[in-house]
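Report on one structure; see the data block that follows.
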């Protein structure tokens, strides 16, 4: 039987003790994929908000110059 790939982490729990944490590779890949999706969401949101601020700034500049 072929075993899946696992990663082992040692985490300090109480003073003087280590806890062994075995994480399957697919879990780490899933977390990395979710992190990439989250970063893309933030970048797209910041881009959209900055574009909106730029349009509002242009509108306010146009409105101030048109005022009699």
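Numbering (the numbering used here), first residue to last: 670 to 737.
In this text, a Cβ means the ideal position worked out from N, Cα and C, and glycines have one as well.
Neighbourhood of residue i by C-beta, 6 Å cutoff - its chain only, sequence neighbours within 5 removed
{"i": "residue 682", "result": "688"}
{"i": "residue 674", "result": "694"}
Backbone secondary structure at residue i - three-state DSSP
{"i": "residue 724", "result": "helix"}
{"i": "residue 710", "result": "helix"}
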